[in-house]
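Read through the structure below, which is laid out as structure tokens, and then see the notes.
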Ligand code: SAH
Ligand code: SF4
Ligand code: F3S
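In the working numbering, the protein residues as written are 6 to 479.
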């Protein structure tokens, strides 16, 4: 199954282009039958990394001759799934049932599933048993073979399933169809080696692998030539970038190189693990004119005892000291975080500790999650699971503080004029544009849609909870 691993990355890329042409023949045949161009829809669940993978899927589908749409009535629908929490999983099953009924009405319809959820053997069993109408299933490690798998799907009678346990392959230069012309995510690394005890990501995304800096820089230069002004460097733990490269390089060094790219205006990155955030990184951020004033720094818990059980490798005090250093060195930095409530063994006093950290750090925003038991992770086997009503009580208490703090932080910007990257026309009111400040705050203001993709100064006039209404400054 994995003979292709023996090829070099470039050979594999060439091989996949041959399959794209072959897939195109099948799509053209379908077009002749339907007397129109077949449509496809890529639906993404989960994180930014999945969103970027979906752009790769879309690039290949487009090249194979499909017309991209956002409507799941399409002739080909692919779900790029997430399994980080059980509710992500349940949503996929729910919507899949609906796709199945659409397929009964459109016999040409093909349905594919890929992404993190597919790396779980129990999921594959369930799909093979109860969702026989799915045409193609593959995982996270062989996504670069999507063109080849499409051809297999067209040639097969029943369901095609191809899941790999891991890979060390990174295949460059396959086509990508970006969602936004002016901003883009870029993978700098894949996988994760941290094994936080609650988290399934290391099991479904495999071991940590960094891309070569030359490949990353080349991709960014090409994006900039193509109109991109803002990039987001993506990895589960960007702070450990480069450790396993032939010529090791730190994340801060990579940022220095990215900063030099002419025409690039904004640099973001995600996610930073607190245990690996270096002084060098703080220094680079401080000096940079392009790195955005936003750091996502997941806390998970403010209790040292729980952090230890989570295998996070920092204490409450370590985290607080780091946050204080960041606030001192980069005063206009927005800090956001992720927090889990209800980890096994968590007591109300641990939630108190978490709330106390939220108050001290003053997060600009925090994503709060109820702990979800993931099969195969160490935490799932822990005996002291917390009862639902206790979790709910802690969660509500935390959420209130998180929201109050975020409101206070956002309100501090009132009256300033700051640069916003104009991202889109406002969904509710089309006389307004929606822009994003360097610190990730959203601002709506009157303006012409021709400004989309530009960075413009906006006066922050009225604070509405978590966002602003502003005025374009000319
Ligand atoms: N690599 C990133 C996180 C990726 S997952 C990091 O370490 O920061 C995004 C978030 O989902 C995590 O930060 C965590 O808060 C949450 N999460 C992960 N596993 C979870 C689980 N089993 N239950 C609830 N939330 C979880
Ligand atoms: Fe999961 Fe921890 Fe890796 Fe983040 S660092 S992906 S939370 S194991
Ligand atoms: Fe979900 Fe996979 Fe991302 S499990 S959060 S899509 S890495």
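A virtual CB, placed ideally from N, CA and C, is assigned to each residue, including glycine. No experiment lies behind these values; they were computed from the predicted model shown.
Residue i vs residue j beta-carbon contact at 8 Å
i, j, result
"residue 118", "residue 142", "yes"
"residue 356", "residue 328", "no"
"residue 305", "residue 208", "no"
"residue 324", "residue 362", "yes"
"residue 350", "residue 316", "no"
"residue 214", "residue 175", "yes"
"residue 111", "residue 85", "no"
"residue 291", "residue 334", "yes"
"residue 308", "residue 359", "yes"
"residue 377", "residue 167", "no"
"residue 220", "residue 177", "yes"
"residue 432", "residue 457", "no"
"residue 152", "residue 83", "no"
"residue 27", "residue 156", "yes"
"residue 438", "residue 412", "no"
Close-in-space but distant-in-sequence residues of the same chain around residue i (CB under 8 Å, 5 per side omitted)
i, result
"residue 7", "Residue placement at residue 7 is poorly supported in this model, since its pLDDT is 48, which falls under 50; the coordinates still yield a value, given next. These residues qualify, in order along the chain: 169 and 172."
"residue 424", "442, 443, 460, 461, 462 and 463"
"residue 4", "Nothing in the structure corresponds to residue 4, since the chain is present only between 6 and 479."
"residue 135", "none"
Own chain partners of residue i with C-beta closer than 6 Å, once the 5 adjacent residues on each side are dropped
i, result
"residue 260", "289"
"residue 93", "50 and 87"
"residue 195", "214"
"residue 387", "349"
"residue 31", "159"
"residue 448", "425, 440, 463, 473 and 475"
"residue 256", "243, 244 and 246"
"residue 478", "422, 462 and 464"
"residue 42", "36 and 72"
Check: residue i C-beta below 7 Å from any heavy atom of the ligand SAH
i, result
"residue 303", "yes"
"residue 242", "yes"
"residue 106", "no"
"residue 89", "yes"
"residue 376", "yes"
"residue 204", "yes"
"residue 276", "yes"
"residue 379", "yes"
Residue i: CB within 7 Å of a non-hydrogen atom of the ligand SF4
i, result
"residue 484", "Outside the shown range of the chain, which is 6 to 479, sits residue 484, and nothing can be said about it."
"residue 346", "no"
"residue 336", "no"
"residue 349", "no"
"residue 279", "no"
Best match in the options for proximity to residue i [C-alpha to C-alpha]
i, options, result
"residue 61", "392, 183, 330 and 439", "183"
"residue 240", "219, 234, 212 and 228", "212"
"residue 414", "408, 403, 369 and 187", "369"
"residue 225", "273, 204, 250 and 248", "273"
"residue 258", "268, 251, 267 and 247", "247"
"residue 137", "255, 458, 404 and 109", "109"
"residue 338", "320, 293, 116 and 310", "293"
"residue 302", "205, 470, 232 and 343", "343"
"residue 121", "404, 311, 139 and 58", "58"
"residue 162", "146, 205, 115 and 102", "115"
"residue 127", "381, 187 and 37", "381"
"residue 407", "340, 379, 154 and 394", "340"
"residue 201", "35, 404 and 89", "89"
"residue 18", "105, 66 and 150", "150"
"residue 217", "250, 445 and 270", "250"
"residue 146", "139, 140 and 154", "154"
"residue 192", "204, 222, 205 and 265", "222"
"residue 427", "404, 311, 34 and 451", "451"
The ligand F3S heavy atom lying under 7 Å from the CB of residue i
i, result
"residue 55", "yes"
"residue 32", "no"
"residue 211", "no"
"residue 119", "no"
"residue 52", "yes"
Nonlocal neighbours in the same chain, by C-beta distance under 7 Å from residue i, ignoring five residues either side
i, result
"residue 44", "71, 72, 74, 79 and 80"
"residue 375", "346, 347, 396 and 400"
"residue 198", "207, 212 and 213"
"residue 468", "415, 416 and 419"
"residue 53", "190, 237, 239 and 275"
"residue 253", "247"
"residue 331", "287, 300, 338 and 340"
"residue 233", "187, 188 and 189"
Near the ligand SAM: residue i beta-carbon under 7 Å from a heavy atom
i, result
"residue 201", "Of the ligands one can find in the structure shown, namely the ligand SAH, the ligand SF4 and the ligand F3S, none is the ligand SAM."
Which ranges does the alpha helix (DSSP H) cover as unbroken runs of at least 4 residues, wholly within the region 198 to 230, from first to last along the chain? 206 to 210 and 218 to 230
Segments assigned beta strand (DSSP E), at least 3 residues, entirely inside the region 55 to 114: 81 to 86
What beta strand (DSSP E) runs, 3 residues minimum, are completely inside the region 236 to 304? 271 to 275 and 299 to 301
At 3 residues or longer, what runs of the beta strand (DSSP E) sit wholly inside the region 420 to 456? 422 to 430, 437 to 442 and 447 to 451
To test your reading of the DSSP string, which unbroken beta strand (DSSP E) runs of 3 or more residues are found completely within the region 111 to 198? 115 to 120, 141 to 143, 165 to 167 and 188 to 192
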